[in-house]
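S.K.:
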Amino acid sequence: MLRVPFSLLLLMMMTAAAPAGPGDRETGGDNERGAPRSRGRSESIELPKPDRDGELSVEQALERRRSVREYSDEPLTLAELGQLLWAAQGITEPRRGFRAAPSAGATFPMEVYAAVGEVEDVPAGLYRYLPDGHRIERVAEGDHRPALFEAGLRQAPLAEAPLVLAFTAVVQRTASRYGARAERYVQIEAGHLSQNIYLQCEALGLGTVAIGAFHDDELSRALALDDGERPLYLMPVGRPR
Ligand SMILES: Cc1cc2nc3c(=O)[nH]c(=O)nc-3n(C[C@H](O)[C@H](O)[C@H](O)COP(=O)(O)O)c2cc1C
């Protein structure tokens, strides 16, 4: 008998009838922190609790880390997706809402998107990570990897990885405190997230590569970003071939 996981059932129940293609966003508007906001139909998947007790030491992960550009066809698991998102932006100090990566003045300009192709229990689509509650919210249906591949100068890892993470920044969150220097800060922050993903991949036996070569406008369209949100980095993730 086909076993439908609860998370998938939940998503199916909450999915509105109107289909949306890649780039056709299901969420919109800005809240007070400049975050893309849900339209009230909370279509989200709760992620498994992250593992905080992996076996690989930081030193081993640092030494072994290499950029990996070829992946097997095997899907990722929901637990792996959750672990990666937690490594990028998970809340590690709930009292103050501080996260796995440092942020200038704790202004938290970064958004993390997951272009899901082949992840168990998660329908293909574009999802946004919600650190509060450690959840993902679907922002558009359909496989967005081909659009990211085109925007990313047709680099093969973007088409072949089961999952592509995209880091963006809502610069105004940081600019409201640091002015013009925010442009620099958000780029530095993207580097922090990226290194966390590299190291987390190493600990999970996964492979990734940081991709900075892409057409900004085309990638913004593929992710259906609002005007104030800037794409900074792409990271395809898969099992090394
Ligand atoms: C800012 C930045 C942009 C990068 N952009 C790309 C890219 O567009 N495509 C790619 O294949 N690798 C990209 N890389 C990965 C580098 O090519 C890679 O880190 C370098 O070859 C060293 O290999 P290693 O990561 O295995 O140590 C980028 C790395 C950085 C830091």
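FYI, in this note's numbering the residues of the sequence shown are -6 to 234. The C-beta atom is built at its ideal place from N, Cα and C for all residues, glycine as well. Predicted model only: the values in this text are computed from it and were never measured.
Once the 5 residues before and after G98 are set aside, which same chain residues still bring their CB inside 6 Å of it?
M.R.: Start at 1 with the first residue of the sequence shown, and residue 98 comes out as number 105. So the qualifying residues of the chain are R170.
S.K.: With DSSP as the reference, label R128 as helix, strand or coil.
M.R.: One-based indexing of the sequence shown puts residue 128 at position 135. Assignment of R128 by DSSP, reduced to helix, strand and coil, places it in the strand class.
S.K.: Among E211, V132, L158, which has the Cα closest to the Cα of E111?
M.R.: The count along the sequence shown starts at 1 and reaches residue 111 at position 118. That would be L158, whose Cα lies nearest to the Cα of E111.
S.K.: In whole angstroms, give me the CA-to-CA distance for E39 and Y178.
M.R.: Locating residue 39 in the sequence shown gives position 46, where the first residue counts as 1. Locating residue 178 in the sequence shown gives position 185, where the first residue counts as 1. Rounded to whole angstroms, E39 to Y178 spans 30 Å at the Cα level.
S.K.: Smallest Cα separation from Q193: which of G221, S213, M228, V164?
M.R.: Mapped onto the sequence shown, residue 193 falls at position 200. Nearest C-alpha to Q193: M228.
S.K.: Within 10 angstroms of the Cβ of G90, are there 16 or more other Cβ atoms? Answer buried if so, exposed if not.
M.R.: Along the sequence shown, read from residue 1 onward, the residue named residue 90 stands at position 97. Answer is exposed; the Cβ neighbour count stays below 16.
S.K.: In or out: S213 buried (at least 16 other Cβ within 10 Å) or exposed?
M.R.: The residue labelled residue 213 in the question sits at position 220 within the sequence shown. Classification for S213: buried.
S.K.: Which residues mark the beginning and the end of the alpha helix (DSSP H) in which G75 is found?
M.R.: Here residue 75 corresponds to residue number 82 of the sequence shown, with the count starting at 1. Its alpha helix (DSSP H) spans residues 71 to 82.
S.K.: Using only the alpha-carbon positions, how far apart do R92 and L71 sit?
M.R.: One-based indexing of the sequence shown puts residue 92 at position 99. One-based indexing of the sequence shown puts residue 71 at position 78. Approximately 21 Å, taken between the alpha carbons.
S.K.: Roughly how many angstroms separate the alpha carbons of E48 and A196, rounded to a whole number?
M.R.: The residue given as residue 48 occupies position 55 in the sequence shown. The residue given as residue 196 occupies position 203 in the sequence shown. Cα-Cα distance, rounded: 7 Å.
S.K.: Does the beta-carbon of R234 have 16 or more other beta-carbons within 10 angstroms, so that it is buried, or is it exposed?
M.R.: For the purposes of this step, residue 234 is taken as the residue at position 241 of the sequence shown. Under this definition R234 is an exposed residue.
S.K.: Where does L55 fall in DSSP's three states?
M.R.: Against the sequence shown, residue 55 aligns to sequence position 62. Three-state result, L55: helix.
S.K.: Within its chain, find whatever has a CB closer than 8 Å to the CB of V202; leave out the 5 residues flanking it on each side and keep chain order.
M.R.: As a first step, residue 202 is located in the sequence shown; it is residue number 209 there, counting from the start. Same-chain partners within the cutoff: S60, V61, R62, P150, M228, P229.
S.K.: To the nearest angstrom, how far is the alpha carbon of G200 from that of A80?
M.R.: Locating residue 200 in the sequence shown gives position 207, counting from the first residue. Locating residue 80 in the sequence shown gives position 87, counting from the first residue. Taking the straight line from one Cα to the other gives about 14 Å.
S.K.: Got a sec? Which residues, its chain only, sit under 6 Å from E222 by beta carbon, not counting five neighbours each side?
M.R.: Residue 222 sits at position 229 when you count from the first residue of the sequence shown. T161, V163, listed in sequence order.
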